[in-house]
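So the mapping is simple: this note's numbering equals the position in the sequence shown, first residue as 1, plus 64.
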Amino acid sequence: MFIFIRLFKLTIICALFFTIFDLIESGEITWVGRLMSSVNL
Numbered sequence: 065m066f067i068f069i070r071l072f073k074l075t076i077i078c079a080l081f082f083t084i085f086d087l088i089e090s091g092e093i094t095w096v097g098r099l100m101s102s103v104n105l
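What follows is the structure in structure tokens.
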């Protein structure tokens with residue numbers, strides 16, 4: 065259970081980092097679209 069909590073926290077931190085980076089880099093949030101295209105959804 066402890067490992068799942070740590071993985072969840074890591075996921076949240078990564079999502080925030082990617083969002084901030086996308087907003088600074090291109091002015092819009094594009095990591096969600098790139099994630100969906102990489103898993104073919």
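Ideal Cβ placement from N, Cα and C applies to all residues, glycine included. Since the structure is predicted, the reported quantities are computational estimates derived from the model, not experimental observations.
**Report entry** Cα-Cα separation between residue 97 and residue 85, rounded to whole angstroms
**Finding:** 14 angstroms
**Report entry** Delimiting residues of the alpha helix (DSSP H) encompassing residue 67
**Finding:** 66-89
Report task. May I ask you to report which of helix, strand or coil DSSP gives residue 96? Result -> In the structure shown, residue 96 adopts helical secondary structure according to DSSP, grouped into three states.
Query raised in the report: Excluding five sequence neighbours on each side, which residues of the same chain lie with their C-beta closer than 8 angstroms to the C-beta of residue 74?
Result: none
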